[in-house]
Amino acid sequence: MQGEVRLEELTKKFGDVVAVDGIDVQMPPGEFFTMLGPSGCGKTTTLRMIAGFERPTAGRILLDETDVAQVPAHRRNVNTVFQSYALFPHLDVAGNVAFGLKYRRLTKQEQRLQVKEVLELVQLAGFERRKASQLSGGQQQRVALARALVLAPRVLLLDEPLGALDARLRRDLQVELKALQRDIGVTFVFVTHDQEEALTMSDRVAVMRDGRVEQAGSPREVYEEPRTMFVADFLGVSNLLEVDAVGEEHSRCVLRLGDRTFLAEQGETDARGKLKAMIRPERIGVEPHGAPGDNRLPGMVERAVFLGGSYEIHVRVLGGEMLKVAMTNEGNPLTFGLEQGTPVTLYLPPDALRVLRPDPEPDAGDEEGQTAPAAVA
Ligand SMILES: Nc1ncnc2c1ncn2[C@@H]1O[C@H](COP(=O)(O)OP(=O)(O)OP(=O)(O)O)[C@@H](O)[C@H]1O
Ligand SMILES: [Mg+2]
Numbered sequence: 076m077q078g079e080v081r082l083e084e085l086t087k088k089f090g091d092v093v094a095v096d097g098i099d100v101q102m103p104p105g106e107f108f109t110m111l112g113p114s115g116c117g118k119t120t121t122l123r124m125i126a127g128f129e130r131p132t133a134g135r136i137l138l139d140e141t142d143v144a145q146v147p148a149h150r151r152n153v154n155t156v157f158q159s160y161a162l163f164p165h166l167d168v169a170g171n172v173a174f175g176l177k178y179r180r181l182t183k184q185e186q187r188l189q190v191k192e193v194l195e196l197v198q199l200a201g202f203e204r205r206k207a208s209q210l211s212g213g214q215q216q217r218v219a220l221a222r223a224l225v226l227a228p229r230v231l232l233l234d235e236p237l238g239a240l241d242a243r244l245r246r247d248l249q250v251e252l253k254a255l256q257r258d259i260g261v262t263f264v265f266v267t268h269d270q271e272e273a274l275t276m277s278d279r280v281a282v283m284r285d286g287r288v289e290q291a292g293s294p295r296e297v298y299e300e301p302r303t304m305f306v307a308d309f310l311g312v313s314n315l316l317e318v319d320a321v322g323e324e325h326s327r328c329v330l331r332l333g334d335r336t337f338l339a340e341q342g343e344t345d346a347r348g349k350l351k352a353m354i355r356p357e358r359i360g361v362e363p364h365g366a367p368g369d370n371r372l373p374g375m376v377e378r379a380v381f382l383g384g385s386y387e388i389h390v391r392v393l394g395g396e397m398l399k400v401a402m403t404n405e406g407n408p409l410t411f412g413l414e415q416g417t418p419v420t421l422y423l424p425p426d427a428l429r430v431l432r433p434d435p436e437p438d439a440g441d442e443e444g445q446t447a448p449a450a451v452a
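Residues 76 to 452 in this note's numbering are what the sequence shown lists, from first letter to last.
Put into structure tokens, the structure is as follows:
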């Protein structure tokens, strides 16, 4: 199978700005690989280097084991779909899709056939003669996708391709795009700053920060087993508790919070001293006030938000911290009220409590955000 991308120590500097800071990633053939990170972390720059629009300052880009440093963009067998579709408004759909084929030696008949096939793939059969300017945003994005796919690239690079669409259409297209990728087996390198999008679509996600890959893994891994607070925070709601790690019991970490003791099984269970423990909202149990047992914490409901499929409950706990709890709406009336001021007990299961080492990153205000290199496995 073809379409493997490997980045080795890839670096790009623009003058003093280090946009990409020595990243190592392997994108297996046929995978949906996502680079996720906040604005300015170097996603687009990385993509542009793979595409050949930008020359690396250092490091290597390997496409199917071949170093492509000296290969010009149009000969890389890689294609890009951008956030702005950049269609030719005066050309019709077929004309836009066929544009890239002009440079291939095809008969008119062959060209028409290929355009037809790819339009069926993106569910735009019958739109051949429609002008690009007469299409909706979602349809335009599909034409842009078809235009890239008709060239049968080994690797398709997508830079926030759904960014300009409204939420509903965006979700529909996420599902479609993922299904399409699975069918055609082309390697997708997808860039987004939307964590939900990354989790739902990808086979693997690389979480980027300040030009580096902070953690790479399956969506489940980066969500369930974040190695740093940054990753935990970036991938959705995470509750952080300030605790004191005081010892060990049956290879679980013993944490103290006020006069209470908790056991934690996940993360850096060897760490000691003041640190943070993390738990996802959906892993916290809400019990009636005074419920007995270990790993329990009293609190007071401050707010309960009905979200349709679930409730988000904000509970102020001992020590003053606010924890967010997600409860699925199972159609049954709740056995106890959730009005503001209701005292409750929260259960934090040991296998859901993760000990995080504090980020080694400096606080805001440090010189130009220079940071020590993070350990990347
Ligand atoms: N041509 C350039 N000249 C100078 N600096 C640049 C250039 N292109 C990008 N940068 C800088 O490099 C860093 C990474 O930019 P990049 O566009 O890769 O970020 P990004 O992760 O794609 O962000 P966004 O989510 O906002 O698109 C930023 O600090 C940016 O200002
Ligand atoms: Mg970008």
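Virtual Cβ for every residue (Gly too), placed ideally from N, Cα, C.
Check	Outcome
Which residue comes first and which comes last in the alpha helix (DSSP H) that contains residue 76?	No alpha helix (DSSP H) contains residue 76, which DSSP labels as neither H nor E.
Can you list, in chain order, the residues of its chain whose CB lies under 6 angstroms from that of residue 318, leaving out five sequence neighbours each side?	330, 332, 352
Which residues mark the beginning and the end of the alpha helix (DSSP H) in which residue 250 is found?	242 to 259
Please confirm if the stretch 152 to 160 is in contact with the stretch 119 to 136, defined as three or more CB-CB distances below 8 angstroms between the two stretches.	yes
Let's test the definition: count the other Cβ atoms within 10 Å of the Cβ of residue 368 and tell me whether it reaches 16, buried, or not, exposed.	exposed
Would the C-beta of residue 283 count as close to ligand 3, meaning under 8 angstroms from any of its heavy atoms?	Only ligand 1 and ligand 2 can be found as ligands here, which leaves ligand 3 out of the picture.
Can you give me the Cβ contacts of residue 374 inside the same chain, cut-off strictly under 8 angstroms, excluding the 5 residues immediately before and after it?	390, 391, 392, 393, 398, 418, 419, 420, 421
Cutting at 8 angstroms between CB atoms, please list the residues of its own chain near residue 338, excluding the five before and the five after it.	324, 327, 328, 329, 330, 369, 370, 425, 428
With DSSP as the reference, please indicate the residues paired to residue 314 in a beta bridge.	354
Specify the secondary structure class of residue 120 as computed by DSSP and reduced to three states.	helix
Here's the rule: buried if 16 or more other CB atoms are within 10 angstroms of the residue's CB, otherwise exposed. What is residue 381?	exposed
What does DSSP give as the partner residue(s) for residue 373 in the beta ladder?	420
Residue 201 and residue 248: beta carbons closer than 9 angstroms?	no
Our contact map puts residue 102 next to residue 80 with C-beta atoms below 8 angstroms; I'd like the distance itself, whole angstroms only.	4 angstroms
Any heavy atom of ligand 2 closer than 8 angstroms to the beta-carbon of residue 266?	yes
By alpha-carbon positions, which one of 284, 117, 287, 297 ends up nearest to residue 278?	297
Exposed or buried, what is residue 131 when buried is set at 16 or more other beta-carbons lying within 10 Å of its beta-carbon?	buried
What are the boundary residues of the beta strand (DSSP E) that includes residue 89?	80 to 89
Classify residue 263 as helix, strand or coil using the three-state DSSP reduction.	strand
How many angstroms separate the CA atom of residue 128 from the CA atom of residue 406?	54 angstroms
At a cut-off of 8 angstroms, is residue 235 close to ligand 2 when judged by its beta-carbon and the heavy atoms of the ligand?	yes
Taking residue 176 and residue 189 to be in contact with their CB atoms under 8 angstroms, please state how far apart those CB atoms are, rounded to whole angstroms.	7 angstroms
Let me know if residue 195 comes out buried or exposed under the rule of 16 or more other beta-carbons within 10 Å of its beta-carbon.	exposed
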